[in-house]
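What follows is a single structure, written as structure tokens, with notes after it.
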Amino acid sequence: MHKIIFIIILLFCWSTSYSQSTTKPQVLIITTGGTIASKTNAPSIEGHDLIQAVPELSNYATIEVDEFVNIGSSKMTPLLWLQLVKHIRDALNSNPEIKSIVITHGTDTMEETAFFLNLTHQSKVPIVLVGSMRSSNEVSADGPANLINAVRVGISPEAIGKGVMVVMNDNISAGRDLLKMNNRRVDAFPSTDLGFIGFCDPEKVTFYRSPIKPHTSESEFNIYNLDSLPKVDIVQDFAGFDSKILTYFTNRYNQGLVISSFAGGRLSNGFSEIYNLPATHKPIVISSSIKGGRIMGSNPEGTPIIIANDLPSNKARILLMLSLTITSKINEIQDYFNKY
Ligand code: ASP
Numbered sequence: 001m002h003k004i005i006f007i008i009i010l011l012f013c014w015s016t017s018y019s020q021s022t023t024k025p026q027v028l029i030i031t032t033g034g035t036i037a038s039k040t041n042a043p044s045i046e047g048h049d050l051i052q053a054v055p056e057l058s059n060y061a062t063i064e065v066d067e068f069v070n071i072g073s074s075k076m077t078p079l080l081w082l083q084l085v086k087h088i089r090d091a092l093n094s095n096p097e098i099k100s101i102v103i104t105h106g107t108d109t110m111e112e113t114a115f116f117l118n119l120t121h122q123s124k125v126p127i128v129l130v131g132s133m134r135s136s137n138e139v140s141a142d143g144p145a146n147l148i149n150a151v152r153v154g155i156s157p158e159a160i161g162k163g164v165m166v167v168m169n170d171n172i173s174a175g176r177d178l179l180k181m182n183n184r185r186v187d188a189f190p191s192t193d194l195g196f197i198g199f200c201d202p203e204k205v206t207f208y209r210s211p212i213k214p215h216t217s218e219s220e221f222n223i224y225n226l227d228s229l230p231k232v233d234i235v236q237d238f239a240g241f242d243s244k245i246l247t248y249f250t251n252r253y254n255q256g257l258v259i260s261s262f263a264g265g266r267l268s269n270g271f272s273e274i275y276n277l278p279a280t281h282k283p284i285v286i287s288s289s290i291k292g293g294r295i296m297g298s299n300p301e302g303t304p305i306i307i308a309n310d311l312p313s314n315k316a317r318i319l320l321m322l323s324l325t326i327t328s329k330i331n332e333i334q335d336y337f338n339k340y
């Protein structure tokens, strides 16, 4: 009798330890649309169908799917960003077992959404954005492999503390740093000045470095209580820029402007007026329209001008919007641009 009880206890212990060792990490995949959810000449794919088409995902994680929106990412808006970051917070609060969030996203505004979430997601739970350059019914569609890699990156213990990341074409980019440089090739987000932070190889996900600019749980931009974000416009410089365009934008209802300048922050004569404006004017950020390199130098004293350093205009706009949720003082906003 004792022997039987002993065997039953042994079997019970074995079965619980076996089930624990085979429990896979939980990953929430939030779908938002984009080419990864598209078919050439056919309606876009719904979130659940997109994930079901990649059954290999279950080799790595227990997947939960949540369709947030289904849009081309050229239709992304600041309001959707705000709703998305709150949606992520609510999902994590309702299921603390989630180890990672993977967001499928179009590539048009992927760098913007990644940067926004990198500065506003107040949690250490890694977020990985992923998309594709080829539709799901094209030959050699890149979506399934990118998606599997994104899940592999998200559940990697080293992903914790790296902020928001983007996985495309076997490369891992920091959410702050990636840039879309090609509108055709699967290698649309190549290594930029700051390089990749890691790689997805068949054997292993390997990280080589961590982003050092503050992000996610270390970021000051807590926007969960906001219903909208400050309005900021981008003005593109070009040869022969007409100052009337600047007048239009400065008079328009907005709380700040970003100028997409020539290399090094140089501007055409149509912008000369900005150097005469007082520091009490709405902030004007100068960013470079050239994606590589950075603008050096300090912001001219007594003016509303802020220098964007290495942030391109679309990301400078996001940082200005977030800075304006805290302050409208030019020197303080410049400090945020130096810091983030
Ligand atoms: N049209 C797509 C988008 O939603 C492009 C892509 O995903 O690559 O951004």
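Just so you know, we're using our numbering here: the sequence shown kicks off at 1 and counts up by one. Note that beta-carbon positions come from the ideal geometry of N, C-alpha and C, so glycine has one too.
- For Thr31, the distance from the CB to the nearest heavy atom of ligand 1 is not below 8 Å.
- If you look at Glu112, you'll find it in the alpha helix (DSSP H) that goes 110–120.
- If you check the CB distance, Gly302 and Pro278 come in under 9 Å.
- Relative to the non-hydrogen atoms of ligand 1, the Cβ of Ile307 never comes closer than 8 Å to any of them.
- In this chain, the alpha helix (DSSP H) harbouring Gly154 covers 143–155.
- Cβ-Cβ distances below 7 Å link Leu324 to Pro230, Gln255, Gly256 in the same chain, with the five nearest sequence neighbours on each side left out; the list follows chain order.
- Short note on Thr113: C-beta not closer than 8 Å to any heavy atom of ligand 1.
- The segment 26–43 and the segment 129–145 touch, with three or more beta-carbon pairs separated by less than 8 Å.
- Rounded to whole angstroms, the gap between the alpha carbons of Ala239 and Gln52 is 50 Å.
- Contact check between the segment 92–101 and the segment 149–161: three or more CB pairs, one atom from each, fall below 8 Å, which counts as touching.
- With 16 or more other CB atoms across the displayed protein chains lying within 10 angstroms of its CB, Tyr340 is buried.
- Taking the CA atoms as reference points, Val69 sits about 9 Å from Ile30.
- Within the model, the alpha-carbon separation for Ile223 versus Arg294 is close to 28 Å.
- With three or more CB-CB distances shorter than 8 Å, the segment 171–186 counts as touching the segment 204–222.
- The C-beta of His121 has 16 or more other C-beta atoms within 10 Å across all chains shown, which makes the residue buried.
- The DSSP-derived three-state label of Met165 is strand.
- With a cut-off of 8 Å, the C-beta of Ser136 is classified as distant from ligand 1, since no heavy atom of the ligand falls inside that distance.
- The beta carbon of Ser173 sits no closer than 8 Å to any heavy atom of ligand 1.
- In the DSSP assignment, Ala91 falls within the unbroken alpha helix (DSSP H) covering 78–94.
- Relative to ligand 1, Asp227 has its C-beta separated by 8 Å or more from all heavy atoms.
- For Ala239, the secondary structure class from DSSP, reduced to helix, strand or coil, is coil.
- Ile71 sits in a strand when the DSSP states are folded into three classes.
- Counted as a single uninterrupted DSSP element, the alpha helix (DSSP H) harbouring Asn331 occupies residues 330–339.
- Beta-bridge annotation (DSSP): Gln255 is not paired with any residue.
- For ligand 1, a non-hydrogen atom lies closer than 8 Å to the CB of Thr109.
- Put simply, the backbone Cα of Pro190 is about 8 Å away from that of Asn171.
- A direct Cα-to-Cα measurement between Val164 and Thr23 gives close to 25 Å.
- In this structure, the C-beta of Ala188 approaches ligand 1 to less than 8 Å from one of its heavy atoms.
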